[in-house]
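S.K.:
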Amino acid sequence: MLVLAGAGTGKTRVLTTRLAHILATGRAKPWELLAVTFTNKAAREMRERITHLIGPSAEGLRWLGTFHSIAAQILRRHAELVGLKSSFTILDTDDQERVLKQLLEAANIDTKRWTPKSLSGLIDHWKNRGWTPEKLPPGEDFGNGKGQGLYAAYQARLRSLNACDFGDLLLHNITIFTSQPDVLAEYHDRFRYLLVDEYQDTNLCQYELVKLLAGHRGMLTVVGDDDQSIYTWRGAHPENLKQLQQ
């Protein structure tokens, strides 16, 4: 179900009321619902609204959160499938750039011309589009033909550090679900309903993750406004709203 509406018309209220209705009518248990939004603040507000509507039973909504917090929960359960341990750390921007600077220097690349910051932004762009090093398309490059190699070396270094960056949280989930059908089936059984807020702000990687988790069951509800996307600068793809209708 796709709900399109303008700013301030109550899109988030649609999701919270639907969640409350599903719980109040016994159609699912709190832990069988996956509800995703974009900021921790929005997730807290959604939880507070549902609690106000249905009371303490909302406390069992363990799968209500941001894309990255939900993906981190899943990844900690299956980290070994992508070469990590469940105790992996999540690098911040400074840590990412520090690792990339080491890799650039090891490859004898001028870090003043080809900066760690610019490579970090490019890798983030690639991950937002769901591209692993092996899937990087022609024309996407850095450092005079060394982009793919640097990306692969960066991913290998992260694995050796038992670490990932924020883009990996989503990308590793997709890798696990596409390579391990039994794991994906486990989450199809786990989540009876999926609900996504501000769907116009999903990037291609987030779209693919939602598509995988939803499967063909038709238990997906999203709300959005294709005229209101505010995250195109970091890969949001408002066309995902149209994709959902096909």
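Each residue of the sequence shown is one higher than the one before, starting from 14 at the first, in our numbering.
In this text, a Cβ means the ideal position worked out from N, Cα and C, and glycines have one as well.
All of these numbers come straight from a predicted model, not from anything done at the bench.
Who are the Cβ neighbours of Y167 in its own chain at under 7 Å, not counting the five residues just before and after it?
M.R.: Here residue 167 is taken as the residue at index 154 of the sequence shown, counted from 1. Taken in chain order, the residues that qualify are V112, L113, L116 and I136.
S.K.: Counting pairs of Cβ atoms below 8 Å between the segment 119-126 and the segment 177-195, do you hit three or more?
M.R.: Too few Cβ pairs lie closer than 8 Å, so no.
S.K.: Could you pull the DSSP bridge partners for A176 from this structure?
M.R.: Along the sequence shown, read from residue 1 onward, the residue named residue 176 stands at position 163. The partner list for A176 (beta bridge, DSSP) reads T102.
S.K.: Determine the burial state of L36: buried for a count of at least 16 other Cβ atoms within 10 Å of its Cβ, exposed for fewer.
M.R.: If you number the sequence shown from 1, residue 36 lands on position 23. Buried, because 16 or more other Cβ atoms sit within 10 Å of the Cβ of L36.
S.K.: What does a CB cutoff of less than 6 Å around G156 pick up in its chain, not counting 5 residues either side in sequence?
M.R.: Locating residue 156 in the sequence shown gives position 143, where the first residue counts as 1. Here the set comprises I122 and W127.
S.K.: Can you name the start and end residues of the alpha helix (DSSP H) that L94 belongs to?
M.R.: Looking up residue 94 in the sequence shown gives position 81. Run containing L94: none; DSSP gives neither H nor E here.
S.K.: From the DSSP secondary-structure annotation, give me the bridge partner or partners of V223.
M.R.: Looking up residue 223 in the sequence shown gives position 210. DSSP, once it has assigned bridges, lists no residue as partnering V223.
S.K.: According to the Cβ coordinates, are L28 and A48 closer than 8 Å?
M.R.: By one-based count along the sequence shown, residue 28 stands at place 15. By one-based count along the sequence shown, residue 48 stands at place 35. Cβ atoms of L28 and A48: closer than 8 Å.
S.K.: Kindly indicate which three-state DSSP category L15 falls into: helix, strand or coil?
M.R.: To locate residue 15, count along the sequence shown from 1; it is residue 2. DSSP places L15 in strand when its eight states are reduced to three.
S.K.: Hey, how far is the Cα of A55 from the Cα of K148?
M.R.: By 1-based counting over the sequence shown, the position of residue 55 is 42. By 1-based counting over the sequence shown, the position of residue 148 is 135. Each residue's alpha carbon lies about 33 Å from the other.
S.K.: Quick one: does the C-beta of H91 sit closer than 7 Å to a heavy atom of the ligand SAH?
M.R.: As presented, the structure is devoid of all ligands, the ligand SAH included, so that no description of it is given.
S.K.: Pick from E58, W76, T215 and R26: whose alpha carbon is nearest that of Y206?
M.R.: Taking the first residue of the sequence shown as 1, we reach residue 206 at position 193. Of the listed residues, the one whose Cα sits closest to Y206 is W76.
S.K.: Enumerated in chain order, which unbroken segments of the beta strand (DSSP E) with a length of 3 residues or greater are wholly contained in the segment 36-68?
M.R.: If we require 3 residues or more, the beta strand (DSSP E) runs fully inside the segment 36-68 come out as 46-50.
S.K.: So what does DSSP say about G160, is it helix, strand or coil?
M.R.: Taking the sequence shown and counting its residues from 1, the one referred to as residue 160 is at position 147. Of the three classes helix, strand and coil, the one that applies to G160 here is helix, per DSSP.
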